[in-house]
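Take a look at the structure below.
Protein chains: 2
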Amino acid sequence: MKTTRNTTAKTAVTEILSKSKTALSHSEIYKLTADLCNRVTIYRILDRLVNDDIVHKIVDLDGTVKYAKCHHSHPVTIHNHAHFSCENCHEITCLESVKPSYIIPHNYKVTDINFTLSGLCPNCLNSNI
Amino acid sequence: MKTTRNTTAKTAVTEILSKSKTALSHSEIYKLTADLCNRVTIYRILDRLVNDDIVHKIVDLDGTVKYAKCHHSHPVTIHNHAHFSCENCHEITCLESVKPSYIIPHNYKVTDINFTLSGLCPNCLNSNI
DNA sequence: ATAAGTATCGCAACTATGTTGCAATAATAT
DNA sequence: ATATTATTGCAACATAGTTGCGATACTTAT
Ligand SMILES: [Zn+2]
Ligand SMILES: [Zn+2]
Ligand SMILES: [Zn+2]
Ligand SMILES: [Zn+2]
Numbered sequence: 001m002k003t004t005r006n007t008t009a010k011t012a013v014t015e016i017l018s019k020s021k022t023a024l025s026h027s028e029i030y031k032l033t034a035d036l037c038n039r040v041t042i043y044r045i046l047d048r049l050v051n052d053d054i055v056h057k058i059v060d061l062d063g064t065v066k067y068a069k070c071h072h073s074h075p076v077t078i079h080n081h082a083h084f085s086c087e088n089c090h091e092i093t094c095l096e097s098v099k100p101s102y103i104i105p106h107n108y109k110v111t112d113i114n115f116t117l118s119g120l121c122p123n124c125l126n127s128n129i
Numbered sequence: 001m002k003t004t005r006n007t008t009a010k011t012a013v014t015e016i017l018s019k020s021k022t023a024l025s026h027s028e029i030y031k032l033t034a035d036l037c038n039r040v041t042i043y044r045i046l047d048r049l050v051n052d053d054i055v056h057k058i059v060d061l062d063g064t065v066k067y068a069k070c071h072h073s074h075p076v077t078i079h080n081h082a083h084f085s086c087e088n089c090h091e092i093t094c095l096e097s098v099k100p101s102y103i104i105p106h107n108y109k110v111t112d113i114n115f116t117l118s119g120l121c122p123n124c125l126n127s128n129i
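Okay, here's the thing in C-alpha cells:
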C-alpha cells in the first residue's frame, strides 16, 4: 500500500491552511510558501491533502477553486457545509454550521455536495460599498 | 441604453442549449457550432445570454463551467435549483424541482447560490459500473 | 548507522480555459 | 439607403492545471 510521507512542503501548506481564516487558492498558497517548492508540488500536495480528508476543495460560482482545512475529526462521508463567497472582497469562508436540507432525487446516488452562497460578507456589508 | 442584437451565432448557441438535455461547456458548444464563428465569440455570446437571464451558468465540483437554458419565465431573482453532476458520464443536469432549504447566516447578504450534487445519475447507476 | 525501497519533488513542456484591444463587419432604427 | 453602434475575428496574452521522467529525500528494516 502507498504510505504517505511528511515533507517540509506538505507541512508548510498544512500550516498555511490551518492558520488561514478563509479558503485559499493554489496561487495564494504558492505565494505564501515563498519559493519553498515548485508550483507543481503545491498542486500535488493539495491533491494528497484532499484525498486524506485533511483539506477540502471549494469551488466558487465563477469556477475559482480554493482549499480550506477540514475541522472535523478525520474521515467524514460527505462535506456538506455551506461556503460563503463575497462578491466584493472575494474571500471564501466555511459556514460550518450551515447545512442544506433537500429532497434526494429518486434514482440518483449522491456522494458529494457543493453548496456555495454568494453575496456580501458581514465586513463588506458594514462598509456600505 | 445598450440594445441587444440577434445574430446568427447567438441564435445557433441558443438553439444548441435549448435542444440539449444536459448542461454544456464552452468547448462543447464551440464544437457543436462547427466553425460558425470564433471561439471568443462563443464566450461573449454566453456572457450576454447569462446577463439576459436566458441561460444560467453552472459550476461543477471540480471547477468545470457549464451552461444550461433557463426554464423560467424571464427575470428571476436567484437561480437556486440544484444541479446533478455524474462522476461517471460527467453529464450535468438541472434538477429544477430540487431546491435547498437552509438557514440564512446572520449578517450575510445572499444574492446568488450554487448547489450541485455529485454522484451517479440514474443511467450510470443502472449500468452497475 | 547504513542501505534499500519508493513517495515526493523539480523541471520543462504541454493543454485547457478565459481575457483584452482594436479594426472590420453587420444588425437595427431613421 | 444611411448612420449608429453592437457584435465579431484575430492575434496576443494570462492563468490554471497536467504529465513524464530523472533526481531527491523520507521511512523502514537490517
Ligand atoms: Zn467581503
Ligand atoms: Zn468548508
Ligand atoms: Zn452518469
Ligand atoms: Zn439549471
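So the protein lines, in turn, are chains D and R.
Heads up: the first sequence is residues 1 to 129, going by UniProt numbering.
Heads up: the second sequence is residues 1 to 129, going by UniProt numbering.
Just so you know, even glycine gets a beta-carbon here, dropped at the ideal spot from N, CA and C.
#1: With a Cβ-Cβ cutoff of 7 Å, do R:I113 and R:N88 count as a contact?
#2: So which residues touch the region around ligand 2, with touch meaning a C-beta under 5 Å from any heavy atom?
#3: Helix or strand or just coil, what does DSSP make of D:D112?
#4: If the cut is a Cβ gap below 8 Å, which residues of chain D does R:S118 touch?
#5: Name the chain R residues whose beta carbon is nearer than 9 Å to that of D:N38?
#6: Kindly identify the DSSP beta-bridge partner or partners of R:I42.
#7: Any C-beta of chain R within less than 8 Å: which residues of the region 73-93 of chain D qualify?
#8: Nearer than 6 Å: is that true of the beta carbon of D:N88 relative to any heavy atom of ligand 1?
#9: The alpha helix (DSSP H) with R:L125 in it runs from where to where?
#10: Going along the chain, which residues of its own chain have a beta-carbon closer than 8 Å to the beta-carbon of R:A9, five neighbours each way excluded?
#11: Return the bridge partner residues of D:S85 from the DSSP annotation.
#12: Which word fits D:K57, buried or exposed, when buried means at least 16 other C-beta atoms lie within 10 angstroms of its C-beta?
#13: With 9 Å as the limit, tell me which residues of the region 44-76 of chain R have their beta carbon closer than that to any beta carbon of chain D; keep them in chain order.
#14: Under 6 Å: does the beta carbon of R:C124 sit that close to some heavy atom of ligand 1?
#15: R:L61 by DSSP, collapsed to three states: which one?
#16: Judging by CA-CA distance, which residue of R:P75, R:N126 and R:S18 is the nearest neighbour of D:N107?
#17: Kindly say whether R:L125, judged by its beta-carbon, lies nearer than 7 Å to any beta-carbon of chain D.
#18: How about D:Y102: is its C-beta nearer than 7 Å to some C-beta of chain R?
#19: Excluding the 5 residues preceding and the 5 following R:T111 in the sequence, name in chain order all residues of the same chain whose CB lies nearer than 8 Å to its CB.
#20: Could you name the residues of chain D that R:L24 contacts, counting a contact when the two beta carbons are closer than 8 Å?
#21: Assuming D:I104 is part of the alpha helix (DSSP H), what are its boundary residues?
Concretely, from the data shown:
#1: no
#2: D:A68 and D:C94
#3: strand
#4: V110, T111, D112, I113 and N114
#5: Residues of chain R passing the Cβ test: none, with the nearest at roughly 22 Å.
#6: Partner(s): none; R:I42 has no beta bridge.
#7: A82, F84 and E87
#8: yes
#9: P122 to N126
#10: T33, L36, C37, T41, I42 and I45
#11: D:I92 and D:S118
#12: buried
#13: K57, V59, D60, L61, D62, G63, T64 and V65
#14: no
#15: coil
#16: R:N126
#17: yes
#18: yes
#19: I78
#20: Simply none; closest approach about 15 Å.
#21: Segment: none, D:I104 is in no alpha helix (DSSP H) and carries neither H nor E.
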